[in-house]
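Sequence lines, in order, name chains A and B.
Residue numbers in the first sequence follow numbering that gives the first Met the number 0, run continuously in steps of one, and reach 327 at the last position.
Residue numbers in the second sequence follow numbering that gives the first Met the number 0, run continuously in steps of one, and reach 327 at the last position.
Worksheet: one structure, shown below.
2 protein chains.
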Amino acid sequence: MTASLPIAVDAMGGDRAPSEIVAGARLAKENHGIDVVLVGRSEELTDRGDLEVIEASEVIAMDAEPGSSVRRLKDSSLVRAAEAVRDGRASAMVSAGNTGATMASALLRMGRIKGVSRPAIATLLPAPGTTPTVLLDAGANAECKPEWLAQFGQMGAVFAQDRLNIPAPRVGLLSIGEEPGKGSPLVKETYAEMQTVNWGAAEFIGNVEGRDLLTDEVDVVVTDGFTGNVALKTLEGALKNLMLALFSAMGERPEAAEAAAQLGPEFDQIYRFFHPDTYGGAMLLGVKGVCVISHGSSGAQAMENAIKVAAEMVEAKVVEHLTEAIAG
Amino acid sequence: MTASLPIAVDAMGGDRAPSEIVAGARLAKENHGIDVVLVGRSEELTDRGDLEVIEASEVIAMDAEPGSSVRRLKDSSLVRAAEAVRDGRASAMVSAGNTGATMASALLRMGRIKGVSRPAIATLLPAPGTTPTVLLDAGANAECKPEWLAQFGQMGAVFAQDRLNIPAPRVGLLSIGEEPGKGSPLVKETYAEMQTVNWGAAEFIGNVEGRDLLTDEVDVVVTDGFTGNVALKTLEGALKNLMLALFSAMGERPEAAEAAAQLGPEFDQIYRFFHPDTYGGAMLLGVKGVCVISHGSSGAQAMENAIKVAAEMVEAKVVEHLTEAIAG
């Protein structure tokens, strides 16, 4: 029974590793009763309390070339974390480290689910007043084929069901116009491909646009990893810069600054709502195991959330459901 | 002398045509002394005051297929507006109508600047505390070649000089990582191409990311029309949804609603700063004439701004400068 296995946490990955990672792992255990095993250099994990450690002597740097690092650094925390899942010592892996190396470790050590052409990164976007929107691929595959994108849609639908409890997710294809004929050649071919796919309980609703991402118009948005990553970073930048501009404007007039101070709880609420850390990281869909990828800048709370998501996804049997959806 | 010619305004194009378009044209004349000629059905332009009209009996619908419409509707306001520029009866054209048909009219009637592979749509993105960022292509070419993108960079640099008075614009290539090796095959090839281009006073600064769009990191961001349009609409949606979420949050607590009411001027300032209408529309770069494309939803003030931008671009001799940059 997978749920009794611990979550393997890459203790060495992330801008604030190992201290914040270890702190997040402890929070996950204390606040949610989740069993966690740290992966890394035990001598550097002195604050680990009673958490167990899987030894790994090497660390893949945040800016290292993913493929060659994973092949070369066989005793790295990322590779060992993926192996722990493969070998049945852990139920899932979580890392805030090098995203490309996390994907490569998971792909090479766990392997692909049968029938999956390419794993994709699924991320959640906050949508005011409704469930978040699943965006995939958020950056795993800079260049895609129509069949891969259609499969991303199937995997994203399963993820929306298991992660967000949406029974019949609406799947949209990101384009530059709603009509079927709009978009790049890739999008047009993908549109045709997506009309032939078995969607199970989900539904393909056609093209959607960038302005639909944070709304209730769609549940799962499919795009290639290049466009998805640009859209994701554009969103993050827009939200940050709008908030900064607002605070700057409010600082210019004394009465405004006073009124703004009254709005502390509301600004805090909005900040949290739109902050990526709130959503517990992205998930690599299509590998034989749960792999959660947290922001490189993750602090303890972001890691706690990411570990909680990983445990929930194990519990929800998302890998089994993905396997069934792709086989079906 | 081009500056003495009127600006041709497509009176029939846009969701709020003709009334708001005509009102905007009158504002441009009254507030800025800009000579305007309306293009459309004079019998429907009863509020035109003393503005002159170039007769055009047909209208290209907002959702019509661009290419065939322009070929078929030879007496449409869009086609006649482009012809007015070609024939020396107007110095520039402005339309809030069908974007694809506006591009097609300008391209087919004015023709391309010698050496230009493909015209591109340049749009301005608000960057708090600094000059706006030029984004191109914002949607003219869903699929691009590396050489086209490099040329978009050259044209964008000229536009930044003439429109934003930036003497030495920093040109960046939109990608999913700052390192030269990051991105799609198109981006990697374009990077190499952009290193060989003659930048004049401008400078190619390498890859930039979605989060840089609204910042002072870069002046001109080059991308294909698919990615550019997705980024633009993602930005518009993010700003709208963040503002909505903020207002909604502030309405839940009576003290917050009171404080928010005090911040009216600041919210208004931010709203205007980020609103697309403030920037006077996008410009089609690479055709033999000034062609300004305003939002389909443009009201009188957006049209006034767009007409003012068109007049300024004629005055700045942007077409001459583009011609020199591409020839050089």
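The beta-carbon is built from N, C-alpha and C at its ideal position, and this holds for glycine as well.
Counting the other CB atoms within 10 Å of its CB gives B:T132 a total of 16 or more, which places it among the buried residues. From the beta-carbon of A:T226, the residues of chain B found nearer than 8 Å are F225, T226, V229.
When the Cα atoms are used, B:P65 and B:S75 turn out to be separated by approximately 12 Å. As a beta-bridge residue in DSSP terms, A:G39 pairs with A:E54. Using beta-carbon distances, A:F272 counts as an interface residue toward chain B, with a partner under 9 Å. Short of 7 Å from the beta carbon of A:E54, and not among the five residues preceding or following it, lie these beta carbons of its own chain, in chain order: S41. Distance between A:I175 and B:N140, taken at the CA atoms: about 11 Å. For A:G205, the enclosing beta strand (DSSP E) has its first and last residue at 202 to 207. Between A:D14 and A:S247, the beta carbon gap of about 26 Å keeps them out of contact (Cβ cut-off 8 Å). What B:R85 touches in chain A, judged by beta-carbon distance under 9 Å, is nothing: the nearest beta carbon there is about 28 Å away. Contact annotation: B:G12 and B:L77 have beta-carbon atoms nearer than 9 Å. Neighbourhood of B:P179 in chain A, by CB distance below 9 Å: empty, with the nearest CB roughly 13 Å away. The beta-carbon separation of A:T226 and B:T226, rounded to 6 Å, stays under the 8 Å limit for a contact. When DSSP states are grouped into helix, strand and coil, B:T132 belongs to the strand group. For A:A248, the C-beta contacts it makes with chain B under 7 Å involve E265, Q268, I269, in order along the chain. Remark: C-beta atoms of A:I20 and A:M92 do not approach each other more closely than 9 Å. If you draw a straight line from the Cα of A:L212 to the Cα of B:I33, it comes to about 40 Å.
For the segment 100 to 127 of chain B, the full-length beta strand (DSSP E) segments reaching 3 residues or more read 119 to 124 along the chain. Residue burial is scored here from C-beta neighbours: B:K113 has fewer than 16 other C-beta atoms within 10 angstroms and is therefore classed as exposed. Contacts with chain A at 9 Å (Cβ-Cβ) include B:A126. Closest option to B:K232, judged by alpha-carbon separation, among B:V186, B:V84, B:G48, B:G138: B:G138. In the DSSP annotation of this structure, the continuous segment of the beta strand (DSSP E) that includes B:M92 starts and ends at 91 to 94.
For A:L321, the closest of A:I204, A:V69, A:N197 by C-alpha to C-alpha distance is A:N197. A:G263 sits in a helix when the DSSP states are folded into three classes. Here A:I20 carries a helix assignment [DSSP, helix/strand/coil]. Closest by C-alpha distance to B:A310, out of B:R85, B:G199, B:S90, is B:S90. Pairwise C-beta distances place the segment 143 to 152 of chain A in contact with the segment 176 to 196 of chain A, as three or more of them are shorter than 8 Å. Cβ-Cβ separation between B:I269 and A:L245: approximately 5 Å, consistent with a contact (criterion under 8 Å). In this structure A:V8 is in contact with A:L37, their Cβ atoms being roughly 6 Å apart against a cut-off of 8 Å. Straight across, the Cα-Cα distance linking B:G250 with B:D267 is about 17 Å. Taking 9 Å as the CB threshold, B:E254 lines the interface with chain A.
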